[in-house]
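**Q** I'd like to ask some things about the structure below.
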Amino acid sequence: MDQSALDATPRTPTSAAADSGVTLHVCVTCRAGEEGQQDQAAPRAGRRLHDALAEAQRHDGAPHFRIAEVECLSNCDRGCSAALTGPGRWSYIYGDLSEASVDDLLLGASRYAATEDGLVPWRERPTILRRGVIARIPPAPKPV
Ligand code: FES
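Sequential numbering from 1 applies to the sequence shown in my numbering.
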C-alpha cells in the first residue's frame, strides 16, 4: 500500500459536471504491478487511467458526473482502483482497472449517475465493473 498517500486530502475534481454530485474517484498513485519499471519519472498506471478518463470525458460533451483524483483507495494489490460515490447513493470501489477500462468506466458512471440510489441493475453494469467490484458501502443515513 502507498502509505504516504493515506492522509492526503481529496483533490479538487478534475472535471465539472451537472450538479448530481456523482464523482468517479480515480487513484492516481496506483502502480498496477509496475513497481519495477525502469523509468521512475514515467506516469504511474493510475495517473494514466485518470488522464485517459478525463480526456475521454472532455470529448463526451455533457458529463453527468465529475472525475476526481485521489491518492490511494487502500486497494493497491488490485490497482488500478476507482470509486463511485454520490449523495444518497450506494458507493462502490473497483479494482483491476486499466486504460482499457475507460469506455466501460464512463458508461458505468453515467448509468450510476442516472439512478437515485446508485443501484444499477446487474445486467446493465459493464463487465469490468461486475468483475472488478471490491466493495459497496451504503449511503450515509440522513440527519435526524
Ligand atoms: S495506490 Fe493504493 S489503491 Fe491506488
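Built from N, CA and C at the ideal position, the CB exists for glycine as well.
(1) Would DSSP call Leu99 helix, strand or coil?
(2) Quick one: Cα of Ala41 to Cα of Thr115, how far?
(3) Taking only runs that begin and end inside the stretch 11-94, name each unbroken beta strand (DSSP E) of 3 or more residues, in chain order.
(4) Out of Glu35, Pro126, Pro87, Arg47, which one is the CA nearest neighbour of Lys142?
(5) Residues in the same chain with beta-carbon distance under 6 angstroms from Ser81, minus the five sequence neighbours each way, listed in chain order, please.
(6) Can Gly108 and Pro126 be called in contact, C-beta distance under 8 angstroms?
(7) Would you mind stating whether Ala52 and Ile67 have Cβ atoms separated by less than 8 angstroms?
(8) Quick check on the contact list: which residues have their beta carbon closer than 5 angstroms to a heavy atom of ligand 1?
**A** Considering the structure as presented:
(1) Strictly speaking, residue 99 in this sequence is Glu, with Leu absent from that position. In the three-state reduction of the DSSP assignment, Glu99 falls in the helix class, which pools H, G and I.
(2) Rounded to whole angstroms, Ala41 to Thr115 spans 40 angstroms at the Cα level.
(3) Counting only runs that start and end inside the stretch 11-94, the beta strand (DSSP E) elements of at least 3 residues fall at 23-27, 66-70, 82-85, 91-94.
(4) Cα-wise, what sits closest to Lys142 is Pro87.
(5) Same-chain partners within the cutoff: Cys27, Cys30, Leu73, Asn75, Gly95.
(6) Yes, the Cβ-Cβ distance between Gly108 and Pro126 is below 8 angstroms.
(7) Cβ distance not < 8 angstroms, so Ala52 and Ile67 don't count as in contact.
(8) After applying the 5 angstroms Cβ criterion, the set is Asp2, Cys27, Thr29, Cys30, Cys72, Leu73, Asn75, Cys76, Gly79, Ser81.
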